Amino acid sequence: MAEDSSQQKTPSGRVLKKSTSSTQNMKSQKSILGFFQKSSPSTTAASPAPRNDASQELVSSPAQRAASDRKSRKNPGSRFGTDVSRSLNIGGNKNVAGGGQSITPVPSSDAVGSRMKELIEARSRLHVGQSTRGRSLKRRKTAASSSDEDEFKDDNEFSDDDLDDFVVPDNSEDEGKPSKKRKRPSNVPIKVSSSKSPPVPDEELDLEFPDASASSALKWTYDPNDTEPSKPRPAVIRNPVQGEKKKVKAHMSEPDQRYPWLANIMDIDRNPPGHPDYDPRTIYIPPLAWSKFSPFEKQYWEIKQKFWDTVVFFKKGKFYELYENDATIGHQLFDLKLTDRVNMRMVGVPEMSLDHWANQFVAKGFKIARVDQSESALGKEMREKQGKPAGTTGKQDKIIKRELACVLTSGTLVDGAMLQDDMSTYCVAIKEALVNDLPAFGIAFVDTATGQFYLAEFIDDADMTKFETFVAQTRPQELLLEKSVMSTKALRILKNNTGPTTLWNYLKPGKEFWEADITVRELDASNYFVSEDGDNIEAWPEALREARDKEFVMSAFGALIQYLRMLKIERDLITIGNFTWYDPIKKATNLVLDGQTLINLEIFANSFDGGQEGTLFQLLNRCITPFGKRMFKQWVCHPLMDAKKINARLDAVDALNADSGVQNQFSSQLTKMPDLERLISRVHAGSCKAQDFLRVLEGFEQIDYTMGLLKETGPGEGVIGQLVASMPELSDHLKYWKTAFDRTKAKDSGILVPEAGVEEDFDASQDRITEIESQLDQLLKKARKQLGSTAIVYRDNGKEIYQLEVPIKIKNIPKSWDQMSATKQAKRFYFPELRSLIRELQEAQETHNQIVKEVAGRFYARFDENYSTWLAAVKIIAQLDCLISLAKASSALGYPSCRPVFVDNERSVLEFHELRHPCMLPNVGDFIPNDVELGGNTANINLLTGANAAGKSTILRMTCTAVIMAQIGCHVPCQSARLTPVDRVMSRLGANDNIFASQSTFFVELSETKKILSEATPRSLVILDELGRGTSSYDGVAVAQAVLHHVATHIGALGFFATHYHSLAAEFEGHPEIAPRRMRIHVDEEERRVTFLYKLEEGVAEGSFGMHCASMCGIPNKVVERAEIAAKQWEHTSRLKESLERQKGGGLIGLGWWSDVAWVLKDKSSVVEGDGPGAITERGIEVLLKAIKNL
1 MAEDSSQQKT PSGRVLKKST SSTQNMKSQK SILGFFQKSS PSTTAASPAP
51 RNDASQELVS SPAQRAASDR KSRKNPGSRF GTDVSRSLNI GGNKNVAGGG
101 QSITPVPSSD AVGSRMKELI EARSRLHVGQ STRGRSLKRR KTAASSSDED
151 EFKDDNEFSD DDLDDFVVPD NSEDEGKPSK KRKRPSNVPI KVSSSKSPPV
201 PDEELDLEFP DASASSALKW TYDPNDTEPS KPRPAVIRNP VQGEKKKVKA
251 HMSEPDQRYP WLANIMDIDR NPPGHPDYDP RTIYIPPLAW SKFSPFEKQY
301 WEIKQKFWDT VVFFKKGKFY ELYENDATIG HQLFDLKLTD RVNMRMVGVP
351 EMSLDHWANQ FVAKGFKIAR VDQSESALGK EMREKQGKPA GTTGKQDKII
401 KRELACVLTS GTLVDGAMLQ DDMSTYCVAI KEALVNDLPA FGIAFVDTAT
451 GQFYLAEFID DADMTKFETF VAQTRPQELL LEKSVMSTKA LRILKNNTGP
501 TTLWNYLKPG KEFWEADITV RELDASNYFV SEDGDNIEAW PEALREARDK
551 EFVMSAFGAL IQYLRMLKIE RDLITIGNFT WYDPIKKATN LVLDGQTLIN
601 LEIFANSFDG GQEGTLFQLL NRCITPFGKR MFKQWVCHPL MDAKKINARL
651 DAVDALNADS GVQNQFSSQL TKMPDLERLI SRVHAGSCKA QDFLRVLEGF
701 EQIDYTMGLL KETGPGEGVI GQLVASMPEL SDHLKYWKTA FDRTKAKDSG
751 ILVPEAGVEE DFDASQDRIT EIESQLDQLL KKARKQLGST AIVYRDNGKE
801 IYQLEVPIKI KNIPKSWDQM SATKQAKRFY FPELRSLIRE LQEAQETHNQ
851 IVKEVAGRFY ARFDENYSTW LAAVKIIAQL DCLISLAKAS SALGYPSCRP
901 VFVDNERSVL EFHELRHPCM LPNVGDFIPN DVELGGNTAN INLLTGANAA
951 GKSTILRMTC TAVIMAQIGC HVPCQSARLT PVDRVMSRLG ANDNIFASQS
1001 TFFVELSETK KILSEATPRS LVILDELGRG TSSYDGVAVA QAVLHHVATH
1051 IGALGFFATH YHSLAAEFEG HPEIAPRRMR IHVDEEERRV TFLYKLEEGV
1101 AEGSFGMHCA SMCGIPNKVV ERAEIAAKQW EHTSRLKESL ERQKGGGLIG
1151 LGWWSDVAWV LKDKSSVVEG DGPGAITERG IEVLLKAIKN L
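Here UniProt numbering is used: position 714 in the sequence shown is 714, and no number is missing along the way.
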């Protein structure tokens, strides 16, 4: 029966299709209606349902057929009801009798029941046959799409929504629950009824009809006054079977609803959050939960329970998937599509984009664990064929093996492609203890990208100056701390000097943060360094042997080993053997820049946003190689103090600028140099990509060529000549690699294919594959001859390779051939002989892939045999890069700039003429230069006064920056520079509280000042800016006066003391080591405006002109005028009091002088040897005598 295309809408908006019957249809309907005319007319007619006969099902889509099958299996009554309505095909509003009356047929007799049963059973036979064929086809497709799925999936597991979900084709394992095995759905049995039906009572006839909820046909009531049906007849809703639950998708429910133990999280030792011993890295899973896991779930949770705070990327086929809480994170932060994997919510990313997504998660502060498949699907089949390993169950054996490959954190990234910049990233382990009531530290830290380890152990002062300097220099990205052992002060220093993305790891003492003796035993037992005579400790690197007996540093190194071992990278890094001692403050050989000075002078980070814009490092860093940039940062951290070494660098800079040949050749040849220092550490670890290994070889070949050019140029006998001469001979080591493998294939395919004869097993494996491919070609020729057609070819169809494609016109296909797929023009077949060859080929290729990995490992190991040679070459190139960077920075300063002159006088001196601030030159074209003269024939300290915003702080920073530049080996932006080498730059700048350290502004000032008083020497440069402004005026003046007197009189350091306390100028008016200086300004009293001239001159400022600044800032005039009146009154009172004190005291001698005189005149017999901290030095007596002479 055919359907009409005309439609009719019901009140609910659904569309009803009218059927325009042909003559045959009319006869069939009249015969059927005859059975119903004996029934009561009160029963309304069933409205027609859309047809779904055989012709329609043949042209419907697979998704529609699958949906129809699912409905029929879930609700057999639904199919039954649909068949009845389709068999009757009664138009709901069609007029059959005259007079416009609609007939309401109702079945009511035994004959009707018998006839209905026959119609229904006939219809069911037709439909069941079709659905059976549909399900069979679907099973074949499901089986073909998964290579390692051992059981067929039930069609009921899929829904229409699943077609749109992101579900990864997994090539994996049976993920069904172990207690429930999926079974192929059985077909509905077809009952054969007799020709004579038993009598059926009227009340049982309705049981043969489906209820409203089960049928797709609506029942409409008849209204004679309305041609359209008004409302549906009340339907009987089917009650669900008791215990039947509709399955909720995993991603639509919370994890703790599917895994109840997630609702009450505990660590693996069953400690809840908040417990002192709670470990957030692990999670407890009860034994009952393990018994309910599918094999795949068990495999996942065995890893995840130990990495609960880590985002686990789980390899599944060609994708990496995140489950449960990790999936929620990926969905919420990066909008990854959330879907299901068995009983777990899941998001996934393609394996090719893993690095990208890992970078995204790491940048957000997450740890990343990567779980890889240790075998392919074919490898799994080969393993199963060889036999099950002992102790494994049958179902567990069906799981593809997966292992934790590595854990990535922001402080331990080893792949250069994942690092944000070329600077070093450190993971730092810190051991803190007390020695004679002073803090002692053992520190071990590593740059995992290069494999460079550093060791440090020192006893610090009470303010932890060395420790703070270390933190400021290294800026750790990841910290390993001993749980409940670190002091509050040390933790505050770390928090104040690390970024928001720094990872903090608290390790359990003893178990995770090893003691020194455990560390030594682990190092020896792990065979990181092996000696031929069996004494492995003798094979340790020299720095590590020196640290063996140092308790604190070995304990810190033990924590670092344990942590790197958990990350699966410790052996690759330790066996490189790069160990160096690190001294944060190299007093003997280098200019000391403590942590506070690095911050105050904005050496590496500006105070605006923490970036490098406007910093000294950005100004001087012109290096072109990544490893050169890292070395240059160390040069800036530790400027030289030996005048001979400084002049040697300056000679090299002058030579490079005088003859640009070396500079140009170096820059042109090595501009695109890869990060060889990081890459050779990856080669050592055996985890280098083929393309990167090729870049390493090409990079060293370029270095060898460039150094050959420099030798021909004749760089001279200076530093550059020494570096060129010390370059190791690389050509002999590189000769082997020129013909070791096919470089073109390595670059294009990422596979190291050795040249013939280099690796015998590789050649044999390749020959075996070639042999099988030749047999396949012979088999193709045989098939062509057998069927008499040259159009027969091999075609790959997904994973089914080498299918024999035969044109459809060829009919004489052997019966032993199995059709695998087809198109309109051809059919594709497999047959036993072809299957056997394909299997041999796949196994040969799998074996070959393993050999390819082994060959790459051999190449890397062979290259790593000369690691020390490669590293030495890298260090020499880095030093050349740093020298050329200084030359470029010096020439970029413009005019005036000069080479600094270092003198070795007994008295310290610092002279700069027409000095400009180097970091402001790129942005300020009309910078006003100034002369700076300290020490020598002038006073050591300049007492600097001036108006607000007159430029005092700029003078202070400019002087310190010029000294650092000079001692690095760079030219200085001034007309002339003359100085003695400075041993330490110490600063007290700005007025900032430290709320995180519970320190007020005044407390911070005094803490920094205390360091200056205890550490400064006559060779130091000290700058103090507005000391004492954090407290009351009287206390501030007193502190400033005492500090200034001590620095100038007893220490004798060079420096500036900037202040708004103008009374200090009068107090130290006759001091021989203090000279008053001020910033020149022009004042307009009528307009209350101040013009800043930014010029340093002799004298004392007339005032701070705070009222003028207030007026310039827009403060209302009334407020400014009242402030001026109050200021004049206070100034008058202060001067009157000062005058009275002078008359009473009888002179201008300050309290500092009275103290020194009292010490000189005191009874020498009562003086203890050393005289303690209050003792006056010979220098102090000398200055005192000069002061008395001046009076």
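For glycine and all other residues, C-beta sits at the position ideal for the given N, C-alpha and C. Everything numeric in this text was worked out from a predicted model, so none of it was measured.
Whole angstroms are fine: how far does the CA of phenylalanine 693 sit from the CA of leucine 58? Because the pLDDT of leucine 58 is 37, which lies under 50, any placement of that residue in the model is unreliable, and the number read from its coordinates should be weighed accordingly. Spanning the two alpha carbons is a distance of roughly 58 Å.
Closest Cα partner of alanine 1066 within the set Leu944, Asp1084 and Ser987: Leu944
Three-state secondary structure assigned by DSSP to arginine 907: coil
According to DSSP, is histidine 1108 helix, strand or coil? Reduced to three states, the DSSP call for histidine 1108 is helix.
Can you give the beta carbon distance from threonine 498 to glycine 595, rounded, assuming they're within the 8 Å contact cut? Between glycine 595 and threonine 498 the Cβ distance is about 12 Å, and since that is not below 8 Å, they are no contact.
Quick one: residues in its chain with C-beta nearer than 7 Å to the C-beta of lysine 781, no 5 flanking neighbours on either side, listed in chain order? none
Residue ranges of each alpha helix (DSSP H) run of no fewer than 4 residues wholly in the segment 713-778, ordered along the chain? As far as the segment 713-778 is concerned, its whole alpha helix (DSSP H) runs of at least 4 residues are 719-725, 731-735 and 743-749.
When the Cα atoms are used, what is the spatial distance from tyrosine 830 to isoleucine 400? 27 Å
Per DSSP, what kind of secondary structure is serine 885 in: helix, strand or coil? helix
Between histidine 733 and isoleucine 576, how many whole angstroms is the CB-CB distance? I'm expecting something under 8 Å. Going by Cβ atoms, the distance from histidine 733 to isoleucine 576 rounds to 18 Å, so no, they are not a contact pair.
Environment of arginine 862 [buried if 16+ CB atoms lie within 10 Å]: The residue in question, arginine 862, is exposed, as its Cβ has fewer than 16 Cβ neighbours within 10 Å.
Would you mind giving the Cβ-Cβ distance between alanine 559 and leucine 480, rounded to the nearest angstrom? I have them listed as a contact below 8 Å. 5 Å
How big is the Cα-Cα spacing for phenylalanine 366 and valine 553? 28 Å
Beta-carbon separation (whole angstroms), leucine 1054 vs leucine 910, contact threshold 8 Å: Contact flag correct, Cβ pair sits at about 5 Å.
Cα-Cα, which of Ser1111, Arg907 and Lys466 is closest to threonine 938? Arg907
If you run the structure through DSSP and keep just helix, strand and coil, what is tryptophan 504? strand
Contacts around arginine 795, its chain only, beta-carbon distance under 7 Å, and the 5 residues preceding and following it disregarded: Gln803, Glu805 and Arg828
Going by CA-CA distance only, name the one from Ile792, Ala690, Gly611 and His638 that's closest to glutamine 967. Looking only at Ile792, Ala690, Gly611 and His638, the smallest Cα-Cα distance to glutamine 967 is reached by His638.
Tell me which residues share the same chain as alanine 369 and place their Cβ nearer than 8 Å to its Cβ, disregarding the 5 neighbours each side in the sequence. Here the set comprises Ile303, Phe307, Thr310, Val311, Val312, Phe313, Leu404, Cys406, Val407 and Leu408.
Which of the three DSSP states is assigned to leucine 880 in this structure? helix
Rounded to whole angstroms, what's the CA-CA distance from threonine 961 to threonine 954? Just pull it up for me. 10 Å
Please go through the segment 798-873 and give each complete alpha helix (DSSP H) segment of 4 or more residues, from N-terminal end onward. 832-864
Can you give the Cα-Cα distance for alanine 690 and lysine 398, rounded to whole angstroms? 33 Å
Whole-angstrom distance between alanine 977 and glycine 510, CA atom to CA atom: 56 Å
With DSSP collapsed to three states, give me the class of glutamate 375. coil
Between glutamate 698 and chain B, is any beta-carbon pair separated by less than 7 Å? In summary, chain B is missing from the structure at hand, where a single protein chain is found.
When the distance is taken between beta carbons, is glycine 416 closer than 7 Å to aspartate 777? no
What residue range does the beta strand (DSSP E) around alanine 456 cover? Where alanine 456 is concerned, the enclosing beta strand (DSSP E) stretches over 452-459.
Throw me the rounded Cβ distance for the valine 662 and leucine 730 pair, which I believe falls under 8 Å. That belief does not hold up - the Cβ atoms of valine 662 and leucine 730 are roughly 19 Å apart, past 8 Å.
What is the DSSP secondary structure of tryptophan 1130, counted as helix, strand or coil? Reduced to three states, the DSSP call for tryptophan 1130 is helix.
Inter-residue spacing [alpha-carbon to alpha-carbon] between serine 987 and asparagine 600: 7 Å
Mind checking which residues open and close the alpha helix (DSSP H) that includes histidine 684? 676-685
Would lysine 466 and isoleucine 585 qualify as a contact pair, given that the criterion is a beta-carbon distance under 7 Å? yes
Compute the Euclidean distance between the alpha carbons of aspartate 517 and aspartate 549, then round it to the nearest angstrom. 9 Å
Per DSSP, what are the beta-bridge partners of threonine 1091 in this structure? His1082
Please classify methionine 707: does DSSP put it in a helix, a strand, or coil? helix
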